[in-house]
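Right, one structure below, let's go through it.
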Amino acid sequence: MKKISRSESSSKTTGARLAVALLVLLLGGLAVPRAQAQQKQDGQIKAKGAFTCDFALPGDFPFSQVAPVIERDRMYMAERPGMQRKQIPMRFDFSNGQLLTGGRYLFDTEEDAAKYKTWVEDDFVLDGTHFFDRPYFLNPDCHSWGVVAAYNLKDIQQQTVMRTERWAVPQGSQMRALKQTWPSILQEARRRGLSGVWLLYNEQENLAQLVYFADRVVSQDPFVPDFASLAALELAPPLGAAFESQSGWAKTFDRTEWVLTFWFPFQLGDHGQPSLWPNSPPLPEPYYGDGVCEVSRGENHANAPSDCGPLCGNGVCDAGEDTQSCPGDCRLP
Numbered sequence: 019m020k021k022i023s024r025s026e027s028s029s030k031t032t033g034a035r036l037a038v039a040l041l042v043l044l045l046g047g048l049a050v051p052r053a054q055a056q057q058k059q060d061g062q063i064k065a066k067g068a069f070t071c072d073f074a075l076p077g078d079f080p081f082s083q084v085a086p087v088i089e090r091d092r093m094y095m096a097e098r099p100g101m102q103r104k105q106i107p108m109r110f111d112f113s114n115g116q117l118l119t120g121g122r123y124l125f126d127t128e129e130d131a132a133k134y135k136t137w138v139e140d141d142f143v144l145d146g147t148h149f150f151d152r153p154y155f156l157n158p159d160c161h162s163w164g165v166v167a168a169y170n171l172k173d174i175q176q177q178t179v180m181r182t183e184r185w186a187v188p189q190g191s192q193m194r195a196l197k198q199t200w201p202s203i204l205q206e207a208r209r210r211g212l213s214g215v216w217l218l219y220n221e222q223e224n225l226a227q228l229v230y231f232a233d234r235v236v237s238q239d240p241f242v243p244d245f246a247s248l249a250a251l252e253l254a255p256p257l258g259a260a261f262e263s264q265s266g267w268a269k270t271f272d273r274t275e276w277v278l279t280f281w282f283p284f285q286l287g288d289h290g291q292p293s294l295w296p297n298s299p300p301l302p303e304p305y306y307g308d309g310v311c312e313v314s315r316g317e318n319h320a321n322a323p324s325d326c327g328p329l330c331g332n333g334v335c336d337a338g339e340d341t342q343s344c345p346g347d348c349r350l351p
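Heads up, the sequence shown is in the numbering used here, so the first residue is 19 and it goes up one at a time.
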């Protein structure tokens with residue numbers, strides 16, 4: 019396939035100019051063809067742990083680098099023990115020009131999730147810099163969780179927008195209240211036609227959280243972000259209204275965002291399932307010439323020579339390769 023390049027631009031710090039800059043950038047080139055899901059997941063998810071993180075990116079962060087940075091990180095973060103999936107949220111903060119983003123993960127066990135939090139906060143070093151010491155991460159707020167229950171109610175490709183509600187809860191176990199309320203939450207999620215819902219709890223931090231997903235309400239437009247679907251979920255009555263009667267519960271967070279990308283567990287050489295980008299275009303996505311060799315998306319030396327060396331993808335960190343030139347093969351120390 020012919021190598022495709024994309025021009026770079028920087029967003030303005032005002033909200034209106036930010037959106038315009040995004041569209042101009044994404045009209046400047048073509049992306050790698052979108053990967054198709056290789057598995058269908060519905061019903062109860064067998065995950066016992068979760069990790070969520072929220073932070074902002076500065077308004078002048080170049081959109082052309084959003085997807086390449088994410089894809090390179092994926093090849094290290096998605097190989098951590100027990101990681102089942104990650105969905106990255108994104109929305110514009112028009113009040114200050116920033117991008118709001120972060121991550122929503124599920125893990126096999128609660129211990130896996132807690133260990134991941136420690137690793138990403140203390141031990142994940144790339145290019146000599148700890149992950150959260152990167153200057154473009156603003157005000158990270160991260161938590162590990164136990165999963166009370168989690169369900170896919172539709173195909174994962176129909177999880178295109180997400181909403182997160184969080185509460186500060188009284189000390190002492192709230193598990194009884196959570197389990198008693200869960201059936202009504204699940205029933206309401208099904209009635210609304212939501213595509214997924216998770217109920218999470220962290221007793222040590224006295225926090226409870228709902229993460230839920232919906233499909234788009236209008237056809238995808240490759241030139242305009244799907245504000246209609248975002249607004250439909252954001253303006254709907256909160257699913258967490260079921261907890262309003264709980265004494266001492268105080269809502270501390272309620273945010274609706276697009277699902278920018280969806281990760282699956284990494285396999286050496288980047289031969290696992292490719293990431294999904296359900297709102298791209300017009301939101302950022304990987305492209306030929308982005309500087310990262312994404313073997314799972316079909317890239318190789320023949321069709322993306324500026325991204326992939328001759329041996330990149332063979333699962334061996336060969337001479338001349340490193341974590342920058344071939345992150346799928348070269349592992350961290």
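Positions of the beta carbon are idealized from the N, C-alpha and C atoms, including for glycine. Model, not experiment: these values are computed from the prediction.
Fill in: Inside the stretch 206 to 294 only - alpha helix (DSSP H) runs reaching at least 4 residues
245 to 253
Practice prompt. For the stretch 97 to 110 and the stretch 145 to 154, state whether three or more C-beta atom pairs, one from each stretch, are separated by less than 8 Å.
Written response: no
Worksheet item: For LEU156, is the classification buried or exposed, using 16 other Cβ atoms within 10 angstroms of its Cβ as the cut-off for buried?
Response: exposed
Practice prompt. Let me know the secondary structure DSSP gives PHE112 once reduced to three states.
Written response: coil
Fill in: ARG184, DSSP secondary structure in three states
strand
Worksheet item: If you draw a straight line from the alpha carbon of VAL242 to that of PHE280, how long is it in whole angstroms?
Response: 20 Å
Worksheet item: Taking the Cβ atom as the reference point for each residue, do LYS64 and ARG98 lie within a distance shorter than 9 Å?
Response: no
Worksheet entry | Spatial neighbours of GLN54 in its chain, beta-carbon cut-off 7 Å, leaving aside the 5 residues before and after | Here the model assigns GLN54 a pLDDT of 36, short of 50, so the residue's position is not dependable, and the following value carries that caveat. Answer for GLN54: no residue qualifies.
Worksheet item: How is LEU117 classed by DSSP in three states: helix, strand or coil?
Response: strand
Discussion item. Taking the beta strand (DSSP E) that TYR306 belongs to, which residues open and close that run?
Written reply: No beta strand (DSSP E) holds TYR306; DSSP gives it neither H nor E.
Item to complete: Could you say which of SER265, PRO256, SER162 lies nearest to THR274 if we only look at CA atoms?
Response: PRO256
Fill in: Coarse secondary structure for GLN105, derived from DSSP in three states
strand
Discussion item. Please classify MET193 as buried or exposed, where buried requires at least 16 other C-beta atoms within 10 Å of its C-beta.
Written reply: exposed
Worksheet entry | ASP130, DSSP secondary structure in three states | helix
Worksheet item: Taking Cβ to Cβ, would you say LEU225 is nearer than 9 Å to ALA259?
Response: no
Discussion item. So, under 8 Å CB-CB, VAL313 and GLY338 are touching, yes? Tell me the CB distance rounded to an integer number of Å.
Written reply: That belief does not hold up - the Cβ atoms of VAL313 and GLY338 are roughly 17 Å apart, past 8 Å.
Discussion item. Whole angstroms are fine: how far does the CA of ALA167 sit from the CA of GLU303?
Written reply: 31 Å
Worksheet item: Can you name, in chain order, every residue of its own chain whose Cβ lies under 8 Å from the Cβ of VAL334, other than the five neighbours on each side?
Response: ASP347
Worksheet entry | CA-to-CA distance, ALA232 to GLY214, given in whole angstroms | 7 Å
Worksheet entry | Alpha-carbon to alpha-carbon, ARG103 and LEU124 | 6 Å
Worksheet entry | Residues of its chain near ALA250, where Cβ-Cβ distance is below 6 Å and the 5 sequence neighbours each way are ignored | VAL235
Discussion item. Please classify GLY266 as buried or exposed, where buried requires at least 16 neighbouring CB atoms within 10 angstroms.
Written reply: exposed
Worksheet item: Rounded to a whole number of angstroms, what is the C-alpha to C-alpha distance between TRP137 and GLY287?
Response: 22 Å
Discussion item. Mapping the DSSP letters down to three states, classify CYS330 as helix, strand or coil.
Written reply: coil
Worksheet entry | Straight-line gap, LYS269 to GLU262 (C-alpha atoms, nearest Å) | 9 Å
Worksheet item: Would you call the CB atoms of HIS161 and GLN227 closer than 9 Å?
Response: yes
Worksheet entry | Beta-carbon separation (whole angstroms), LEU204 vs TYR219, contact threshold 8 Å | About 16 Å; that fails the 8 Å criterion.
Worksheet item: Whole-angstrom Cβ separation of PRO345 and PRO300, contact assumed at under 8 Å?
Response: Between PRO300 and PRO345 the Cβ distance is about 26 Å, and since that is not below 8 Å, they are no contact.
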